[in-house]
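Participant: A single structure is presented below for examination.
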Amino acid sequence: MALARVRERPIGRPQEMSAQESDRALVDAARAGDADAFGRFVRRHQKRVFRLAVHMLRNAAEAEDVAQEAFVRAYGALDRFDGRSEPFTWLYRITVNLSLNAIRSRKTARVAGATDDPRIEAVLIEKRPGLADPARQMTDRELAMALVAGMDSLSETLRTTLVLVTIDGLSHAEAAAVLGCPEGTVAWRIHEARKKLKAYLEERGHGTDVTENG
Amino acid sequence: MTTRDHREPRLPEAAEALLDGWPAPPRGALEWEDVATRTMRRVQETTVGSTEDALLSPPLPVEPGDGDLGVLLGDDEAPELARIAREAVEAKAATEARDVAKEMLAVAADTRAHPPVPPPSRIEAGFSVARPRVATPEVVQAVHEAAAHSEMPRPVKSHPKEGNRATPIWLGAGTALALAAAAVLYVSTRSAPAPVASVEASAEAPAAIAAAPGGGAGSAPVAPAAAPSEAPKTLALGDLAAPEAKSAPEARGVRPSAAAPPGKDALAFRVKGGKNTEDKLVLEERPDEEQQVQANAPAQVAKPSTGAATPAQGDVPPEPSLGAVQAAVGSVMTAARSCLAGQEGASRAKIVFSSNGHVLSVAVSGPAAGTPAEGCVRSALMGARVQPFSEPSFSASITVRPP
Chain E
1 MALARVRERP IGRPQEMSAQ ESDRALVDAA RAGDADAFGR FVRRHQKRVF
51 RLAVHMLRNA AEAEDVAQEA FVRAYGALDR FDGRSEPFTW LYRITVNLSL
101 NAIRSRKTAR VAGATDDPRI EAVLIEKRPG LADPARQMTD RELAMALVAG
151 MDSLSETLRT TLVLVTIDGL SHAEAAAVLG CPEGTVAWRI HEARKKLKAY
201 LEERGHGTDV TENG
Chain A
1001 MTTRDHREPR LPEAAEALLD GWPAPPRGAL EWEDVATRTM RRVQETTVGS
1051 TEDALLSPPL PVEPGDGDLG VLLGDDEAPE LARIAREAVE AKAATEARDV
1101 AKEMLAVAAD TRAHPPVPPP SRIEAGFSVA RPRVATPEVV QAVHEAAAHS
1151 EMPRPVKSHP KEGNRATPIW LGAGTALALA AAAVLYVSTR SAPAPVASVE
1201 ASAEAPAAIA AAPGGGAGSA PVAPAAAPSE APKTLALGDL AAPEAKSAPE
1251 ARGVRPSAAA PPGKDALAFR VKGGKNTEDK LVLEERPDEE QQVQANAPAQ
1301 VAKPSTGAAT PAQGDVPPEP SLGAVQAAVG SVMTAARSCL AGQEGASRAK
1351 IVFSSNGHVL SVAVSGPAAG TPAEGCVRSA LMGARVQPFS EPSFSASITV
1401 RPP
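The listed protein sequences derive, respectively, from chains E and A.
Residue 1 is where the first sequence starts when you use my numbering, and the numbers rise one by one after that.
Residue 1001 is where the second sequence starts when you use my numbering, and the numbers rise one by one after that.
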């Protein structure tokens, strides 16, 4: 099937990373004044935060600004990190808030075109490396474009939840911690987002799997 | 890995493969290091404690339908459960309206038996009436709505002891007597100055309805239809489903409640839900300019006394029924309250319904205003729906308390 191959995530999940120095330990050290500890926290999470911001904002430059700002604001709020949640969910919440603020402060609704949407190029480069078949590339591009358009058609709430769970790989519990809602609500939103996305794809001729013969 | 529910709608495999771990635009290690260095440079210029609290709040507005886990309970039974829940709510609303009509019957009977109006400060049988009662057009409207709703279809029979056989007769009699009661109430109290009547939900106060502050029964007459343009109509809903707390007799001031909130014009009911017995739901209609013009029109002036309290033409009532508004707001209240998680104080929200039953606008005031919770509450309340009505708009002011 097209693009059905399993690939490793380019960005590891925080809890799958080296446990030698936990996020909590880094944050605790940063609160105690260890700036290097916060630097390690930044380097550990910056790719994921950037990816989240890209999917929220659909603009690489804005996403970079928001990602950087998220760490700055997180540092500025270290005194209010109570330890009840994981540091990365706390950081994600700040990132989502900043992204939503950026979206709402735009003077006009930005609609990323196929040529400048950073998500499409990223997924085509990362997910289909080395493939030279122009027909397949075209098919993949069309599907990617339909997918991002479908995601963009979702409400902020559904899209953000979908990004956190489906794209970023957070569990429902982790997403619930980020979004401040019950796990069941996350489950419902994912169900709803997938249902709408599926309908969107079906309307555009991407509703069925293309099986490869031989 | 992602916690996937096997019942989640499945996209084509190719799309699933794209979604799973969709990457960010690629960057080299040096580039990432450069970004981290720049970030840390800014971090070092930042003081701990400088970040505003709003950035740490739950970020997203509630999605309409949020929390409806019925669809996740199973492939087939889920829609059925949702339907049952909806029917239960509708049945409750219908039953509540029916109860109001029933109480208004008692009002009519009492009115016939005791036509004189008690004095404003009269204390009767241990109950206090703080102010003279006034049967305003709002009261007439409420009576009429109760009568109208008593004829609503009831998906679930909630009162088994009331046989179906007697229902049509009862409904007909109820409608007639309720209208008669409304007329009697209006005629007997038309001299009150400020046609403001409110029905407030109160956990402690079983029931009481009083009237506008100010002059007594002999005060200057008030044009019934012009009144709404002078003062906003205010109707507050409580749980009409608690028969023992119902207040029809009190509504005419004959048997007012001892626990009626002093200084308030109130018809109080026990609040449903019981979880937060201090919840209040206040409905108020504020006629806009167009409504005021209409209210001053001669044809409208005769509204209370000429049967204008009957529903508008066809099946569209002038305003959404009390039960319908209560059910509509109640259906989104849980979501709205969840927005206030972590907050201590209650916030207020004014919901304006358009004539098609949809919410036109929501204005949030109180602690939630200006915070991310405001958008969340607004989004949640925007999902409320009532049946279409003929008036241009109808507003309901509610109190939203933290869960």
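Using N, Cα and C, we set each Cβ at its ideal position, and we do this for glycine too.
Note that the coordinates shown come from a computational prediction; the quantities given were computed from them, not determined experimentally.
Could you tell me whether any non-hydrogen atom of the ligand NAD is closer than 7 Å to the CB of A/G1357?
Facilitator: Among the components of this structure there are no ligands whatsoever, and the ligand NAD is therefore not found.
Participant: Between which two residues does the beta strand (DSSP E) containing A/S1365 stretch?
Facilitator: Position 365 of the second sequence, counted from the start, is the residue given in the question as residue 1365 of chain A. Looking at the DSSP string, the run of the beta strand (DSSP E) that includes A/S1365 is V1359 to S1365.
Participant: Look up A/V1400 in the DSSP assignment and say whether it is helix, strand or coil.
Facilitator: As a position in the second sequence, residue 1400 of chain A is number 400, starting the count at 1. Correct three-state label for A/V1400: strand.
Participant: By DSSP's criteria, A/F1394 is part of a beta bridge. Which residues make up the other side?
Facilitator: Within the second sequence, residue 1394 of chain A is the residue found at index 394, counting from 1. A/F1394 pairs with A/F1353.
Participant: Indicate whether A/T1039 and E/Q137 have their beta-carbon atoms separated by less than 8 Å.
Facilitator: The count along the second sequence starts at 1 and reaches residue 1039 of chain A at position 39. The count along the first sequence starts at 1 and reaches residue 137 of chain E at position 137. No, they are not a contact pair.
Participant: Compute the distance between the beta-carbons of E/I94 and A/L1055, then report whether it is under 8 Å.
Facilitator: Locating residue 94 of chain E in the first sequence gives position 94, where the first residue counts as 1. Locating residue 1055 of chain A in the second sequence gives position 55, where the first residue counts as 1. Yes, Cβ-Cβ distance for E/I94 and A/L1055 is below 8 Å.
Participant: Quick one, are the C-beta atoms of E/N59 and A/P1059 less than 8 Å apart?
Facilitator: Reading the first sequence from its first residue, position 59 is the one you call residue 59 of chain E. Reading the second sequence from its first residue, position 59 is the one you call residue 1059 of chain A. In this structure, A/P1059 does not lie closer than 8 Å to E/N59 by Cβ.
Participant: Ignoring anything shorter than 4 residues, give me the alpha helix (DSSP H) runs that lie fully in the stretch 52–139 of chain E, in order along the chain.
Facilitator: Complete alpha helix (DSSP H) runs here, min 4: 60–76, 87–105 and 118–127.
Participant: Near E/R40, what residues of its chain come up, given a Cβ to Cβ distance below 6 Å and the 5 sequence neighbours on each side ignored?
Facilitator: Here the question's residue 40 of chain E lines up with position 40 in the first sequence. Excluding positions up to five away in sequence, the list reads L26.
Participant: According to the neighbour-count rule (16 or more other Cβ atoms, all chains shown, within 10 Å of its Cβ), is E/H55 buried or exposed?
Facilitator: Your numbering for residue 55 of chain E matches position 55 in the first sequence. Classification for E/H55: buried.
Participant: Return the chain-ordered list of same chain residues with a C-beta closer than 7 Å to the C-beta of E/A53, the five sequence neighbours on each side being excluded.
Facilitator: For this step, residue 53 of chain E is matched to residue 53 along the first sequence. Counting only Cβ-Cβ distances below 7 Å, and skipping sequence neighbours, we find A63, V66, A67, T95 and S99.
Participant: I want to see whether chain A comes within less than 8 Å of E/V210, judged by CB atoms only; does it?
Facilitator: As a working mapping, residue 210 of chain E is identified with position 210 in the first sequence. Confidence at E/V210 is low in this model, with a pLDDT of 47, below 50, so its placement is unreliable and the value that follows should be read with caution. So yes, E/V210 belongs to the interface.
Participant: For chain A, is any of its Cβ atoms less than 8 Å away from the one on E/S155?
Facilitator: Position 155 of the first sequence, counted from the first residue, corresponds to residue 155 of chain E. By this cut-off, E/S155 is an interface position.
Participant: Counting only C-beta atoms, is A/A1014 closer than 8 Å to chain E at any point?
Facilitator: Mapped onto the second sequence, residue 1014 of chain A falls at position 14. Interface residue, yes.
Participant: Closer than 8 Å, Cβ to Cβ, to anything on chain E: give me those residues from the stretch 1038–1062 of chain A, in chain order.
Facilitator: Those would be R1038, T1039, M1040, R1042, V1043, Q1044, T1046, T1047, V1048, G1049, S1050, T1051, D1053, A1054, L1055, L1056, S1057, P1058, P1059, L1060, P1061 and V1062, in chain order.
Participant: Distance check for E/S153 and A/A1014, CA to CA, integer angstroms please.
Facilitator: Numbered from its first residue, the second sequence carries residue 1014 of chain A at position 14. Numbered from its first residue, the first sequence carries residue 153 of chain E at position 153. So the alpha carbons of these two residues sit roughly 20 Å apart.
Participant: Return no unless some Cβ of chain E is closer than 8 Å to the Cβ of A/G1383.
Facilitator: Here residue 1383 of chain A refers to the residue found at position 383 of the second sequence. Chain E, which has no Cβ nearer than 8 Å to the Cβ of A/G1383, makes this no.
Participant: In chain order, what residues of the same chain have a beta carbon less than 6 Å from the beta carbon of A/S1057, not counting five sequence neighbours either side?
Facilitator: One-based indexing of the second sequence puts residue 1057 of chain A at position 57. Answer for A/S1057: P1372, listed in chain order.
Participant: If the cut is a Cβ gap below 8 Å, which residues of chain A does E/P118 touch?
Facilitator: On the first sequence, residue 118 of chain E is found 118 positions in, with the first residue counted as 1. Residues of chain A passing the Cβ test: A1024 and P1025.
Participant: For A/L1011, is the classification buried or exposed, using 16 other Cβ atoms within 10 angstroms of its Cβ as the cut-off for buried?
Facilitator: Along the second sequence, one-based indexing puts residue 1011 of chain A at 11. Label assigned to A/L1011: buried.
Participant: Answer yes or no: does any C-beta atom of chain E fall closer than 8 Å to that of A/E1374?
Facilitator: As a working mapping, residue 1374 of chain A is identified with position 374 in the second sequence. Chain E contact via Cβ: absent.
Participant: Say whether chain E places a C-beta atom closer than 8 Å to the C-beta of A/A1341.
Facilitator: Walking along the second sequence from the start, residue 1341 of chain A turns up at place 341. Closer than 8 Å: yes.
Participant: Taking E/W90 as the reference, which of E/I190, E/D23, E/T160 and E/R159 has the closest Cα?
Facilitator: Within the first sequence, numbered from 1, the residue matching residue 90 of chain E stands at position 90. E/W90 has its Cα closest to that of E/D23, out of E/I190, E/D23, E/T160 and E/R159.
Participant: By Cβ distance below 8 Å, which residues in the same chain neighbour A/P1298 in space, the five residues on each side in sequence not counted?
Facilitator: Counting from one through the second sequence, the residue named residue 1298 of chain A turns up at place 298. Model confidence at A/P1298 stands at a pLDDT of 39, short of 50, so the residue's coordinates are unreliable and nothing is read from them.
Participant: With H, G and I counted as helix, E and B as strand and the rest as coil, what does DSSP make of A/R1348?
Facilitator: Numbered from 1 along the second sequence, position 348 holds the residue referred to as residue 1348 of chain A. Strand at A/R1348.
Participant: Are the C-beta atoms of E/A135 and some chain A residue less than 8 Å apart?
Facilitator: Indexing the first sequence from 1 puts residue 135 of chain E at position 135. Judged by the 8 Å Cβ criterion, E/A135 is not in contact with chain A.
Participant: A/E1008 CB to nearest chain E CB: under 8 Å?
Facilitator: Stepping through the second sequence from its first residue, residue 1008 of chain A is reached at position 8. By this cut-off, A/E1008 is an interface position.
Participant: Applying the criterion that 16 or more other CB atoms from any shown protein chain within 10 Å of the CB defines a buried residue, is E/D117 buried or exposed?
Facilitator: Residue mapping note: residue 117 of chain E aligns to position 117 of the first sequence, counting from 1. When all chains shown are included, E/D117 counts as buried.
Participant: Can you tell me whether DSSP reads E/H45 as helix, strand or coil?
Facilitator: Your numbering for residue 45 of chain E matches position 45 in the first sequence. DSSP places E/H45 in helix when its eight states are reduced to three.
Participant: Check the C-beta distance from A/A1380 over to A/V1332 and give it rounded, since I have them as a contact under 8 Å.
Facilitator: Counted from its first residue, the second sequence places residue 1380 of chain A at position 380. Counted from its first residue, the second sequence places residue 1332 of chain A at position 332. Indeed, because the Cβ distance is near 5 Å, the residues count as touching under 8 Å.
Participant: Roughly how many angstroms lie between the CA atoms of A/C1376 and A/V1043, to the nearest whole one?
Facilitator: Here residue 1376 of chain A corresponds to residue number 376 of the second sequence, with the count starting at 1. Here residue 1043 of chain A corresponds to residue number 43 of the second sequence, with the count starting at 1. Spanning the two alpha carbons is a distance of roughly 31 Å.
Participant: I'd like to know whether the C-beta of E/H45 is nearer than 8 Å to at least one C-beta of chain A.
Facilitator: What you label residue 45 of chain E is simply residue 45 of the first sequence in a count that begins at 1. For E/H45, the answer is no, since every Cβ of chain A falls outside 8 Å of its Cβ.
Participant: Checking 8 Å against the spacing of the C-beta atoms, do A/G1366 and A/G1345 come in under that value?
Facilitator: Numbered from 1 along the second sequence, position 366 holds the residue referred to as residue 1366 of chain A. Numbered from 1 along the second sequence, position 345 holds the residue referred to as residue 1345 of chain A. A contact, by the Cβ cut-off of 8 Å.
Participant: Classify E/H172 as helix, strand or coil using the three-state DSSP reduction.
Facilitator: Along the first sequence, read from residue 1 onward, the residue named residue 172 of chain E stands at position 172. In the structure shown, E/H172 sits in a helix (DSSP, three-state: H, G or I).
Participant: Consider the Cβ of E/D79: report whether some Cβ of chain A lies at a distance smaller than 8 Å.
Facilitator: Counting from one through the first sequence, the residue named residue 79 of chain E turns up at place 79. So, interface residue.
Participant: Is there at least one Cβ from chain A nearer than 8 Å to E/A35's Cβ?
Facilitator: What you label residue 35 of chain E is simply residue 35 of the first sequence in a count that begins at 1. Yes - at least one Cβ of chain A is within 8 Å of the one on E/A35.
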